[in-house]
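The next block holds one structure in the form of structure tokens; read it before the comments.
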Amino acid sequence: MGWWEESPYGGFADVMLAQTDGTRRLLAPSDEVAAFVADTYRFDVVEVAPVSISRSGPVVKVVTRELDLTYVVGRRTTLGRALRVVPKRVATSPAWCRVTDPVARVVMRGVRTRGSAGGGRWETYGATDHHAVESLRGTWRGRDLGALAPVLPEPGFGFGSTPPTPSVTTLVTTVLDDRTGAA
49 MGWWEESPYG GFADVMLAQT DGTRRLLAPS DEVAAFVADT YRFDVVEVAP
99 VSISRSGPVV KVVTRELDLT YVVGRRTTLG RALRVVPKRV ATSPAWCRVT
149 DPVARVVMRG VRTRGSAGGG RWETYGATDH HAVESLRGTW RGRDLGALAP
199 VLPEPGFGFG STPPTPSVTT LVTTVLDDRT GAA
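The working numbering puts the sequence shown at residues 49 to 231.
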């Protein structure tokens, strides 16, 4: 689940869902958002559908036509405490992401902070915080999602993946276009 506070398309939420049969699905709130996200990551199915997200303290609720999910954001992890030491302006810069990428690959299997966003574009993830997910409950198409479990195998949405341990990362995503130099 992505909760974009700011973007060229305004604030929005989207859902990147990996189904048990291997299908990678994007649920995006508009055609423009769907096109941007689908050009950046890999999906088998792209659907434009309302995505609602709300937060009350540590409880986050995500609702689409077919997904009803509630999770509880837990304690700040050791990684989160380390990320908080780095000034945000530094932590979110593409130059810093080039430095942190080799470290991220070792510290959190599957995670990268820099990679191809497709079509001559590069993307960086400037992480500023990290929390464990304490609990989760939900349904997809009316079926119970089951207990919170490691994210294995990794879903293969793009150059970087979600860590195996369920968590929430606060970050700034920057997409750079090699053709124009624009961010």
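All C-beta atoms in this analysis are idealised placements derived from N, C-alpha and C, irrespective of residue type, glycine included.
Open item on the list: Can you look up ARG137 in the DSSP assignment and give me helix, strand or coil?
Closed with: On the sequence shown, residue 137 is found 89 positions in, with the first residue counted as 1. When secondary structure is reduced to three states using DSSP, ARG137 falls in the helix class.
- [ ] Give me the Cα-Cα distance between LEU200 and GLN67, rounded to the nearest whole angstrom.
- [x] As a position in the sequence shown, residue 200 is number 152, starting the count at 1. As a position in the sequence shown, residue 67 is number 19, starting the count at 1. About 11 Å.
- [ ] Please state whether DSSP places VAL85 in a helix, a strand or coil.
- [x] Residue numbering aside, residue 85 sits at position 37 when the sequence shown is read from its first letter. VAL85 falls in the helix class under three-state DSSP.
Open item on the list: Between GLY204 and ARG72, how many whole angstroms is the CB-CB distance? I'm expecting something under 8 Å.
Closed with: Working through the sequence shown from its first residue, we reach residue 204 at position 156. Working through the sequence shown from its first residue, we reach residue 72 at position 24. With a Cβ gap of about 7 Å, GLY204 and ARG72 count as contacting.
TODO: Return helix, strand or coil for ARG153, following the three-state DSSP convention.
DONE: For the purposes of this step, residue 153 is taken as residue 105 along the sequence shown, with counting starting at 1. Residue state, collapsed to three classes: helix.
TODO: Flag this pair as yes or no: are the beta carbons of GLU26 and THR88 separated by less than 8 Å?
DONE: Coverage of the chain is limited to positions 49 through 231, which leaves residue 26 absent and any answer about it impossible.
Open item on the list: Taking 8 Å as the limit between beta carbons, can you name the residues of its chain near VAL181, skipping five residues before and five after?
Closed with: On the sequence shown, residue 181 is found 133 positions in, with the first residue counted as 1. Only TYR119, VAL120, VAL121, GLY122, LEU196, PRO214, SER215, VAL216 meet the Cβ criterion.
Task: Continuous beta strand (DSSP E) assignments of at least 3 residues falling wholly in the stretch 187-229 - done: If only uninterrupted beta strand (DSSP E) runs of at least 3 residues are considered, those enclosed by the stretch 187-229 are 215-225.
Open item on the list: Please state whether the Cβ-Cβ distance between VAL99 and ALA86 is less than 8 Å.
Closed with: Position 51 of the sequence shown holds residue 99. Position 38 of the sequence shown holds residue 86. Cβ atoms of VAL99 and ALA86: not closer than 8 Å.
Open item on the list: Taking its Cβ as the centre, do 16 or more other Cβ atoms sit within 10 Å of GLY167, making it buried, or is it exposed?
Closed with: In the sequence shown, the residue the question calls residue 167 occupies position 119. It is exposed - the Cβ of GLY167 has fewer than 16 other Cβ atoms within 10 Å.
TODO: Select from LEU75, LEU65, GLU80, MET64 the residue whose C-alpha is nearest the C-alpha of GLY58.
DONE: Along the sequence shown, one-based indexing puts residue 58 at 10. With distances taken between CA atoms, GLY58 lies nearest to GLU80 out of LEU75, LEU65, GLU80, MET64.
Open item on the list: Run through the DSSP bridge pairs and tell me what ASP177 is partnered with.
Closed with: As a first step, residue 177 is located in the sequence shown; it is residue number 129 there, counting from the start. Paired residues: THR218.
- [ ] Please confirm whether LEU127 and THR176 have their CB atoms less than 8 Å apart.
- [x] For the purposes of this step, residue 127 is identified with residue 79 of the sequence shown, where counting begins at 1. For the purposes of this step, residue 176 is identified with residue 128 of the sequence shown, where counting begins at 1. Against a cut-off of 8 Å, the Cβ pair of THR176 and LEU127 comes out as no contact.
TODO: Run the CB neighbour count on ARG137, radius 10 Å, all protein chains shown included, and call it buried at 16 or more, exposed below.
DONE: Your numbering for residue 137 matches position 89 in the sequence shown. Around the C-beta of ARG137, fewer than 16 other C-beta atoms lie within 10 Å, and the residue is accordingly described as exposed.
Task: Between the CA atoms of GLY186 and ASP192 - distance to the nearest angstrom - done: Against the sequence shown, residue 192 aligns to sequence position 144. Against the sequence shown, residue 186 aligns to sequence position 138. Spanning the two alpha carbons is a distance of roughly 6 Å.
Task: Residue of ALA143, GLY105, LYS109, VAL133 minimising C-alpha distance to VAL63 - done: The count along the sequence shown starts at 1 and reaches residue 63 at position 15. Out of ALA143, GLY105, LYS109, VAL133, LYS109 has the C-alpha closest to the C-alpha of VAL63.
Open item on the list: Taking only three categories from DSSP, how would you classify ARG160?
Closed with: Counting from 1 along the sequence shown, the entry for residue 160 is found at position 112. It is coil, neither helix nor strand.
Task: Where THR172 falls: helix, strand or coil (DSSP) - done: Mapped onto the sequence shown, residue 172 falls at position 124. For THR172, the three-state secondary structure derived from DSSP is strand.
- [ ] Quick one: grab the DSSP three-state call for THR118.
- [x] Within the sequence shown, numbered from 1, the residue matching residue 118 stands at position 70. In this structure, THR118 counts as strand in the three-state DSSP scheme.
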